[in-house]
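Structure first, then comments.
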Amino acid sequence: AQSVGLRRVDLSLGIWDQLISVEIPRQNREVANTGGHSSGPRPATKGSSTIGLSVYGTHVDYVVPGGPAHLSQMLEKGDEICSVDGMAVDMSNVVGCLQGADFVGSTVCLKVLKHVTGQEVDVTLVRVPKSSMENLVRTFQIITLLKQNGHTNEAYEQRTYTQDHQLTMDLVDKLVLLISDVQIEKHTSEVHLKTQFAQLYEDLRSHLRQAYDEIDVLKALELSNGEYKEHV
């Protein structure tokens, strides 16, 4: 029988491994929030990438649901950013340090003082294209304005509406929580799909590797039998 040549697939780590790589978010969930300050919040980046974070001084003002800061589930309104990539920050340099080299896919490492527990934690975020979050950012700018208006009109609403009527600020908070939950569920689903694909890909590579090993054994036997026939 004539042996047939086989074109083998490269099984070394490469582009496919980069495509399926995904960072699983930590499980300690802290709900994102928005609004509160009437002036001063600044987005954490002005370039082509973003981490979905707005700061007031060195404190987190809000995190955008669906962005890296939110999906890390480690940042919330009021947390203080103490350092960025090992550099101490203050009001004058925090935005520039968070922006960094402004490369999509690059990481930024934060040391954060939690405002609730007082615990200092390390948070690593990956910058994403700013264009991918423009709609969400705009949505939360509008929500922030709604909450500010609700705060301004709170006394009027309390006097005018019945006791069972929900105030604007309460409705805005519920809307923020709902959007946050939707984004977390979406991200969790995407992570699950990527994890499944990664497992299927690894199983396929394992089966191919086993098949190639068996082919090598058969070829060695074929070569050995041919040499034996020549000697006979």
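Numbering (the working numbering), first residue to last: 1270 to 1501. Glycine residues also receive a C-beta, built at the ideal position from the N, C-alpha and C atoms.
Are V1353 and L1367 close, meaning C-beta to C-beta below 8 Å? Working through the sequence shown from its first residue, we reach residue 1353 at position 84. Working through the sequence shown from its first residue, we reach residue 1367 at position 98. Yes, the pair counts as a contact, with Cβ atoms nearer than the cut-off.
Around the Cβ of F1409, are there at least 16 other Cβ atoms within 10 angstroms (buried) or fewer (exposed)? Mapped onto the sequence shown, residue 1409 falls at position 140. When all chains shown are included, F1409 counts as buried.
Express the C-alpha separation of V1441 and Q1435 in angstroms, rounding to a whole number. Numbered from its first residue, the sequence shown carries residue 1435 at position 166. Numbered from its first residue, the sequence shown carries residue 1441 at position 172. When rounded, the distance between both Cα atoms is 10 Å.
Check whether D1348 and K1383 have beta carbons under 8 Å apart: Translated into positions along the sequence shown, residue 1348 becomes position 79. Translated into positions along the sequence shown, residue 1383 becomes position 114. Yes, Cβ-Cβ distance for D1348 and K1383 is below 8 Å.
Answer with buried or exposed for G1387, where buried requires no fewer than 16 other C-beta atoms within 10 angstroms of its C-beta. Within the sequence shown, numbered from 1, the residue matching residue 1387 stands at position 118. Answer is exposed; the Cβ neighbour count stays below 16.
Taking C-beta to C-beta, are V1358 and T1327 nearer than 8 Å? Translated into positions along the sequence shown, residue 1358 becomes position 89. Translated into positions along the sequence shown, residue 1327 becomes position 58. It is a contact, given that the beta carbons lie within the stated cut-off.
Inter-residue CB distance, V1395 and G1374 (contact presumed, cutoff 8 Å): Position 126 of the sequence shown, counted from the first residue, corresponds to residue 1395. Position 105 of the sequence shown, counted from the first residue, corresponds to residue 1374. So it is a contact: roughly 6 Å between Cβ atoms.
Looking only at its own chain, which residues have a Cβ that is under 8 Å from the Cβ of S1272, when we skip the five neighbours before and after it? Against the sequence shown, residue 1272 aligns to sequence position 3. Low confidence applies here, because S1272 scores a pLDDT of 46, under 50, leaving its location unreliable; read the following figure in that light. Within the same chain, and ignoring the five residues on either side of S1272 in sequence, the residues whose Cβ sits closer than 8 Å to its Cβ are K1488, E1491.
In the DSSP assignment, find the beta strand (DSSP E) that holds T1327 and state where it starts and stops. Position 58 of the sequence shown, counted from the first residue, corresponds to residue 1327. T1327 -> no beta strand (DSSP E), and no H or E assigned at all.
Quick one: give me the first and last residue of the alpha helix (DSSP H) that T1429 is part of. As a working mapping, residue 1429 is identified with position 160 in the sequence shown. 1423 to 1429 is the extent of the alpha helix (DSSP H) around T1429.
Grab me the residues of G1419's own chain with a C-beta within less than 7 Å of its C-beta, minus the 5 sequence neighbours each way, in chain order. As a first step, residue 1419 is located in the sequence shown; it is residue number 150 there, counting from the start. Taken in chain order, the residues that qualify are L1436, T1437, M1438, V1441.
Minimum C-alpha distance to H1456 - residue among G1335, E1483, V1406: Along the sequence shown, read from residue 1 onward, the residue named residue 1456 stands at position 187. The shortest Cα separation from H1456 among G1335, E1483, V1406 belongs to G1335.
My guess is that P1337 and G1355 are in contact by the Cβ rule of under 8 Å, so how many angstroms apart are they, rounded? Indexing the sequence shown from 1 puts residue 1337 at position 68. Indexing the sequence shown from 1 puts residue 1355 at position 86. In fact, because the Cβ distance is near 19 Å, the residues do not count as touching under 8 Å.
For the candidate residues Y1481, C1378, L1477, L1340, whose alpha-carbon lies nearest to that of M1448? Locating residue 1448 in the sequence shown gives position 179, where the first residue counts as 1. In the sequence on display, residue 1448 carries Ile and not Met. Selected option, being the one with the closest Cα: L1340.
List the whole-angstrom C-beta distance separating V1390 from M1343, where the pair is believed to meet the contact cut-off of C-beta under 8 Å. Here residue 1390 refers to the residue found at position 121 when the sequence shown is read from its first residue. Here residue 1343 refers to the residue found at position 74 when the sequence shown is read from its first residue. Indeed, because the Cβ distance is near 6 Å, the residues count as touching under 8 Å.
In the DSSP assignment, the beta strand (DSSP E) including V1392 goes from what residue to what residue? What you label residue 1392 is simply residue 123 of the sequence shown in a count that begins at 1. Counted as a single uninterrupted DSSP element, the beta strand (DSSP E) harbouring V1392 occupies residues 1389 to 1395.
Should S1317 go down as buried or exposed, given a rule of 16 or more other Cβ atoms within 10 Å for buried? Taking the first residue of the sequence shown as position 1, residue 1317 is located at position 48. So S1317 ends up on the exposed side.
Could you work out which residue in L1477, T1393, V1385 is closest to T1376 when comparing CA atoms only? Within the sequence shown, the letter at position 107 stands for residue 1376. T1376 has its Cα closest to that of T1393, out of L1477, T1393, V1385.
Using the Cα positions of V1446 and Q1452, report the straight-line distance between them to the nearest angstrom. As a first step, residue 1446 is located in the sequence shown; it is residue number 177 there, counting from the start. As a first step, residue 1452 is located in the sequence shown; it is residue number 183 there, counting from the start. The residue you asked about is not Val; residue 1446 is Leu in the sequence shown. C-alpha separation (whole angstroms): 10 Å.
For T1386, three-class secondary structure by DSSP: Translated into positions along the sequence shown, residue 1386 becomes position 117. In this structure, T1386 counts as coil in the three-state DSSP scheme.
Would you check if the distance between the CB atom of L1379 and the CB atom of I1412 is smaller than 8 Å? Residue mapping note: residue 1379 aligns to position 110 of the sequence shown, counting from 1. Residue mapping note: residue 1412 aligns to position 143 of the sequence shown, counting from 1. No, these two residues do not count as a Cβ contact at 8 Å.
Buried or exposed: where does I1293 fall if 16 or more other Cβ atoms within 10 Å of its Cβ makes it buried? As a working mapping, residue 1293 is identified with position 24 in the sequence shown. Residue placement at I1293 cannot be trusted, given a pLDDT of 38 that sits under 50; what the coordinates show is reported in the next sentence. Exposed is the call here.
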